[in-house]
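Okay, so here's the structure we're looking at.
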Amino acid sequence: MSNKVIIPPIKCQGIKTKLIPFIIEHVKRPQDGLWIEPFVGTGVVAFNIAPKRALLTDKNQYIISLYQGIQNGAINSQTVREFLEYHGGILEQHGGEYYKEMRDTFNKNGDPLYFLFLNRADFNGMIRFNRQGKFNVPFCQKPNRFSKAYITKICNQVAGIAQVMQGKEWTFACGPWQKAFCGVTENDYIYLDPPYIGRDTSYVGEWAESDAITLAEYSHQTPANVCLSMWKENEFRRNEHLFQYWNDFTWYEQEHFYHIGAKEANRHPMIEILAVKQGA
Numbered sequence: 431m432s433n434k435v436i437i438p439p440i441k442c443q444g445i446k447t448k449l450i451p452f453i454i455e456h457v458k459r460p461q462d463g464l465w466i467e468p469f470v471g472t473g474v475v476a477f478n479i480a481p482k483r484a485l486l487t488d489k490n491q492y493i494i495s496l497y498q499g500i501q502n503g504a505i506n507s508q509t510v511r512e513f514l515e516y517h518g519g520i521l522e523q524h525g526g527e528y529y530k531e532m533r534d535t536f537n538k539n540g541d542p543l544y545f546l547f548l549n550r551a552d553f554n555g556m557i558r559f560n561r562q563g564k565f566n567v568p569f570c571q572k573p574n575r576f577s578k579a580y581i582t583k584i585c586n587q588v589a590g591i592a593q594v595m596q597g598k599e600w601t602f603a604c605g606p607w608q609k610a611f612c613g614v615t616e617n618d619y620i621y622l623d624p625p626y627i628g629r630d631t632s633y634v635g636e637w638a639e640s641d642a643i644t645l646a647e648y649s650h651q652t653p654a655n656v657c658l659s660m661w662k663e664n665e666f667r668r669n670e671h672l673f674q675y676w677n678d679f680t681w682y683e684q685e686h687f688y689h690i691g692a693k694e695a696n697r698h699p700m701i702e703i704l705a706v707k708q709g710a
């Protein structure tokens, strides 16, 4: 692992990029075990931990398809550049109407390159689907979004994670989080970054309190090492679920500005924690 944080090509609200040094500091895992992420999301933690063996799962099939494509070489920095230069040029000419056309096409073909385009051209890097499973995030209102420098930045991110994957035994899989717990051993390490309870981001559907409780039960029963990444509290509220179901784990705390607003008054620090069960 280098000191430089590796940034993935997918953007997502709540990405743990700024918390990577904190996470790496407190993750003490058996080097011969399997690294498991049932909620891999952007993959930023896995790409920076860079384990030899990993099982990386998520319910979002498009993120998984993108990373599978990068892993097998079907998607690389050159194919990404050609795609973004071509469609970015048309976007600059036609703006929001072309964005909607690309979104409609993606909702028919599910192509991971279209997903990457939308993710980097939509409002605030959101990932959201309606109840019919259709991507519905609006345009960012920047027709010149895909400048040469921006495309190069994305291509470098694709090349960077491709390099991390080289020579490693990584499996990307789409499916329910419960499957990631199957067959684990005491040498394995499960890193958890689940959604907020009761907050329906439409990323993959609502994460209910019952889901969160079941996850806590699985995490206590598994023989594997477990690390939960979760918000603890801020000046307005406290995560009562954390105190009720994870209080027997070892907690490490880090103050983090989860939302960076345009005005200083809108910047409220959040206490993030890693709740760790080691050597089960």
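Take any residue in the sequence shown, note its place counting from 1, add 430, and you have its number in the numbering used here. By construction, the Cβ of each residue, glycine as well, lies at the ideal position given by its N, Cα and C atoms. Please read these numbers as outputs of a predicted model, since none were measured by experiment.
Are residue i and residue j closer than 7 Å when you measure CB to CB?
i           : j           : result
residue 661 : residue 669 : yes
residue 485 : residue 601 : yes
residue 684 : residue 452 : yes
residue 611 : residue 652 : yes
residue 477 : residue 594 : yes
residue 438 : residue 487 : no
residue 706 : residue 679 : yes
residue 621 : residue 475 : yes
residue 604 : residue 498 : no
residue 617 : residue 444 : no
residue 700 : residue 677 : no
Tell me the DSSP secondary structure of residue i in three-state form.
i           : result
residue 585 : helix
residue 638 : coil
residue 469 : coil
residue 663 : strand
residue 579 : helix
residue 676 : coil
residue 538 : helix
residue 656 : strand
residue 443 : coil
residue 497 : helix
residue 530 : helix
residue 700 : strand
residue 693 : Low confidence applies here, because residue 693 scores a pLDDT of 48, under 50, leaving its location unreliable; read the following figure in that light. Correct three-state label for residue 693: coil.
residue 630 : With a pLDDT of only 49 at residue 630, under the threshold of 50, the placement of this residue in the model should not be trusted, and no figure is reported.
residue 683 : strand
Note down the Cα distance separating residue i from residue j, rounded to an integer number of angstroms.
i           : j           : result
residue 560 : residue 489 : 15 Å
residue 436 : residue 592 : 11 Å
residue 623 : residue 515 : 34 Å
residue 441 : residue 524 : 24 Å
residue 434 : residue 534 : 37 Å
residue 465 : residue 567 : 32 Å
residue 639 : residue 675 : 11 Å
residue 449 : residue 542 : 27 Å
residue 615 : residue 576 : 45 Å
residue 609 : residue 642 : 15 Å
residue 586 : residue 500 : 13 Å
residue 548 : residue 504 : 19 Å
residue 625 : residue 522 : 34 Å
residue 667 : residue 446 : 21 Å
residue 584 : residue 578 : 10 Å
residue 571 : residue 526 : 7 Å
residue 659 : residue 493 : 20 Å
residue 647 : residue 573 : 47 Å
Taking the alpha carbon of residue i as the reference point, which residue from the options has its own alpha carbon closest?
i           : options               : result
residue 703 : 657, 626 and 637      : 657
residue 459 : 686, 619 and 588      : 619
residue 644 : 654, 671 and 665      : 671
residue 520 : 539, 596, 502 and 551 : 551
residue 456 : 655, 665, 627 and 617 : 655
residue 517 : 546, 686 and 553      : 546
residue 589 : 708, 494, 502 and 606 : 502
residue 553 : 544, 686, 493 and 569 : 569
residue 606 : 596, 627, 637 and 597 : 637
residue 529 : 539, 538, 540 and 544 : 544
residue 563 : 596, 513, 538 and 555 : 538
Using only the heavy atoms of the ligand ADP, determine whether one of them is closer than 6 Å to the beta carbon of residue i.
i           : result
residue 569 : No copy of the ligand ADP appears in this structure; indeed no ligand is present at all.
Would you check if the segment 506-525 and the segment 473-489 touch, i.e. whether three or more CB-CB distances between them fall below 8 Å? no
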